[in-house]
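When we follow the UniProt record's numbering, the leftmost residue of the sequence shown carries the number 1, and every step to the right adds one.
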Amino acid sequence: MLLVVAAFIVAFVLLLYMISPLISPKPLKLNGAHVVVTGGSSGIGKCIAIECYRQGAFITLVARDEVSTNIHVHSKGELVPCHSRAEQVVLCISVDVSSDYSQVENVIKQAQEKLGPVDMLVNCAGTSISAKFEEVEVDRFKKLMEVNYLGSVYPTRAVITTMKERRMGRIMFVSSQAGQIGLFGYTAYSPSKFALRGLAESLQMEVCVLFCPPPIKYHFPLETKLISETSGVCQPDQVAKIVVRDAVQGNFNSSVGPDGYMLSALTCGMSPVTSITEGLQQIVTMGLFRTIALFYLGSFDSIVRRCMIQREQSKAADKRE
């Protein structure tokens with residue numbers, strides 16, 4: 001019986017080894033490549049742009065119309081000292097990537113006319129809100145879906161045809177751990193990030209896609225703050241180095257920190273793998289990670305109940321006064 005099991009495992013590993021070249025894309029060289037970053041004037045987006053620029057890429061920064069020219073100039077000023085080639089260019093464009101597809105398509109065309117075809121698109125534009133479901137204004141649900149989901153659909157739609165014609169390119173979706181697990185306070189935010197996961201998994205069958213869910217850290221309401229503090233804290237520049245490395249290698253999933261890795265393994269579902277090691281790790285660790293996750297979920301429920309009791313006691317005390 002043991003021999004049969006061992007033979008099955010060996011055969012399975014050999015099968016994965018045989019199909020691995022078919023599912024693993026060729027590495028992308030950033031030196032001389034054209035990288036477009038939406039939401040690139042601050043946070044993770046800016047750090048990703050800087051990391052790509054350090055590796056020799058030509059950069060197009062895209063941000064909302066409301067973002068002032070001063071912010072663009074400041075971002076460009078941070079990029080320029082990091083160049084690795086004298087001829088590198090940083091192009092700054094202001095457009096709301098979630099409002100009008102024709103505008104997004106036009107600015108992408110302008111960028112490609114100046115810097116060449118887009119080799120990597122980084123969808124990092126996004127917004128967030130954390131509050132109880134009944135406290136979120138109805139219009140905010142629509143707004144978050146437009147910015148977090150359509151704000152990635154439109155730029156992707158604008159570059160996909162050229163990438164397919166050239167048979168090369170990378171598309172990165174910067175999501176959130178709240179796009180892998182629903183948590184208190186994220187009834188408007190999480191669904192918009194879950195939508196990105198569905199888009200990424202569907203699109204990866206057509207082009208090379210990277211799905212990146214970095215840690216989240218917000219402060220209101222109290223339940224959300226306490227739950228988010230159970231996750232590790234990573235600086236934007238650390239996240240940028242990891243996701244750029246994974247994008248260059250052609251990985252589908254990019255996780256940050258041990259809790260991010262565990263959550264990615266737990267939620268892998270029917271997601272693609274780009275290496276034998278990744279597939280085997282998911283198979284071996286699934287049971288252990290699920291056990292750990294149950295303790296996390298119990299802790300989250302305890303936090304919510306404790307905060308509810310504290311509020312009720314506070315209200316009772318106020319009434320007595």
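Here a beta-carbon is modelled for each residue, glycine too, at the ideal position from N, C-alpha and C.
Measure the alpha-carbon distance for Gly126 versus Gly151 and round it to whole angstroms. Residue 126 sits at position 126 when you count from the first residue of the sequence shown. Residue 151 sits at position 151 when you count from the first residue of the sequence shown. Looking at the two C-alpha atoms, the distance is approximately 7 Å.
Leu30 by DSSP, collapsed to three states: which one? Locating residue 30 in the sequence shown gives position 30, where the first residue counts as 1. Correct three-state label for Leu30: coil.
Which of helix, strand or coil does DSSP assign to Cys234? Counted from its first residue, the sequence shown places residue 234 at position 234. Reduced to three states, the DSSP call for Cys234 is coil.
Close beta carbons around Ser68, own chain, < 7 Å, minus the five adjacent residues each side: By 1-based counting over the sequence shown, the position of residue 68 is 68. Any reading at Ser68 needs caution, since the residue's pLDDT is 41, under 50, leaving its predicted position unreliable; the model's value is listed next. Counting only Cβ-Cβ distances below 7 Å, and skipping sequence neighbours, we find nothing.
Leu121 to Met172, Cα distance in whole Å? Walking along the sequence shown from the start, residue 121 turns up at place 121. Walking along the sequence shown from the start, residue 172 turns up at place 172. Rounded to whole angstroms, Leu121 to Met172 spans 6 Å at the Cα level.
Would you call the CB atoms of Leu199 and Ala247 closer than 7 Å? As a working mapping, residue 199 is identified with position 199 in the sequence shown. As a working mapping, residue 247 is identified with position 247 in the sequence shown. No. Outside cutoff.
Please tell me whether Thr267 and Gln180 are closer than 7 Å, where the distance is taken between their beta carbons. By one-based count along the sequence shown, residue 267 stands at place 267. By one-based count along the sequence shown, residue 180 stands at place 180. The answer is yes: Cβ separation under 7 Å.
Whole beta strand (DSSP E) runs in the stretch 102–177 with 3 or more residues, listed along the chain? 120–123, 170–174
By Cβ distance, which residues of its chain are closer than 6 Å to Met145, with the 5 residues on each side in sequence left out? Position 145 of the sequence shown, counted from the start, is the residue given in the question as residue 145. Cβ neighbours of Met145 beyond the five flanking positions: Ser192.
Name the two residues that bound the continuous alpha helix (DSSP H) containing Ala200. In the sequence shown, the residue the question calls residue 200 occupies position 200. From DSSP, the alpha helix (DSSP H) with Ala200 extends over 189–203.
Run through DSSP, which three-state label would Val273 get? Stepping through the sequence shown from its first residue, residue 273 is reached at position 273. If DSSP states are grouped into helix, strand and coil, Val273 belongs with coil.
Would you report the Cα separation of Ser94 and Val62, rounded to the nearest angstrom? By one-based count along the sequence shown, residue 94 stands at place 94. By one-based count along the sequence shown, residue 62 stands at place 62. C-alpha separation (whole angstroms): 6 Å.
Should Pro213 be listed as close to the ligand ATP, given that the test is whether its C-beta is under 6 Å from any heavy atom? With respect to the ligand ATP, the structure offers nothing, as it holds no ligand at all.
Under the rule that 16 or more other beta-carbon atoms within 10 Å means buried, what is Arg170, buried or exposed? By one-based count along the sequence shown, residue 170 stands at place 170. Looking at its Cβ environment, which holds 16 or more other Cβ atoms inside 10 Å, Arg170 is buried.
What does Leu61 pair with, by DSSP beta-bridge criteria? To locate residue 61, count along the sequence shown from 1; it is residue 61. BP columns for Leu61 point to Val37, Cys92.
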